[in-house]
Amino acid sequence: MPELPEVETIKQELLPHVSGKRITGVELFWEGMLRQPSPKEFQSRIRGQKITGITRRGKYLVFSLQNGEWLIIHLKMSGALLAGRGLSPRFTRAVFHLDDGSDIYFCDPRKFGKIQLVKDKDTVMGKLGIEPLEDDFTPEVLQKLLKKRKTPVKAMLLEQGLIAGIGNMYADEALFNAAINPLRVANSLSTDEIKRLHKSIKEVLQTAIKRKGASISNYYRPGGEKGSAHNHFRVAHRKGEECPVCGTPLERISIRQRGSCFCPVCQQ
DNA sequence: CCCGGAACCTGAAGGC
DNA sequence: TGCCTTCAGGTTCCGG
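Sequential numbering from 4 applies to the first sequence in this note's numbering.
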């Protein structure tokens, strides 16, 4: 499922396909994915616009258009964007036609993904928290975020208004690498634990980007290839397997209705 | 403000 | 083999 590393990979690999191209039309096969404006207005406002760039903010993909508007896509659980010509991928919910004859297909079996066209991107993303891979995400910043919180640290890591882009898989991986139990109350972490967690978050995300994301569920890159990050997961989605450090069977518990895999020995 | 839980969705996996 | 149930989880919304 697309989290920060997957969305970052899609951004990088989609950019050469769309940069400088003009959108000649959009077909919508399921209108529920469109958050705003109405389908007809969306299609008329986006038609003819040149795509000038793509950025990522948290798990959002942000296309900048020549007229100053923003096409914002969230892939949620199962969304994927494929680039090609004359394809008909399964679960296609929308197709963007470009002026070089190529198409961008938005495929999403679960129909959770959302598309919107806005003039002010802050109305969508203004409440997002800090970007964990930027230099201003320091151990001190993390300490301040943790201090106010009485929730389990795992739940806190998933809050996009605090840190933007971490999802269930990478939260589990970061906590394991920092040897912190996911149920630990956020404001109870020691300075040393916060330093370890900060370092682990950066490393886990950077490494996953190098591996082009994790192809769990429906994640595909724009060319149709999978990522390889999931092959290197140490605890995420590995319930019952042996802990890579101590050999103890990994456990899985539910925290805020999210499956959380961890080692009961290494993460006390 | 803070926290937890339901709803949105449907393919895939597991049980019998 | 096939029907049925359960599970998966990012975000938004709602209630305590």
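Virtual Cβ for every residue (Gly too), placed ideally from N, Cα, C.
- For the options Lys-157, Glu-244, Arg-59, the alpha carbon positioned closest to that of Ile-133 is the one of Arg-59.
- Contact between Val-156 and Leu-208 fails: their C-beta atoms lie close to 17 Å from each other, not under 8 Å.
- Rounded to whole angstroms, the Cβ separation of Val-21 and Leu-74 is 10 Å, and the two are not in contact under 8 Å.
- Per DSSP, reduced to three states, the secondary structure at Ala-239 is coil, with no helix or strand assignment.
- With 16 or more other Cβ atoms from the protein chains shown falling within 10 Å of its own Cβ, Asn-171 counts as buried.
- Between Phe-32 and Thr-126, the C-beta gap is not smaller than 8 Å, which leaves the two residues out of contact.
- Taking a contact as a CB-CB distance under 8 Å, the pair Lys-62 and Val-10 counts as one, their CB atoms being some 5 Å apart.
- Taking one beta carbon from each stretch, the region 96-116 and the region 133-151 have fewer than 3 pairs nearer than 8 Å; the two do not touch.
- Counting the other CB atoms within 10 Å of its CB gives Val-188 a total below 16, which places it among the exposed residues.
- Gln-119 carries a strand assignment under DSSP once its states are collapsed to helix, strand and coil.
- With a threshold of 16 other beta carbon atoms within 10 Å, Pro-185 meets it and is buried.
- For Ile-169 against Ile-118, the beta-carbon gap comes to about 23 Å, at or over 8 Å, which does not count as contact.
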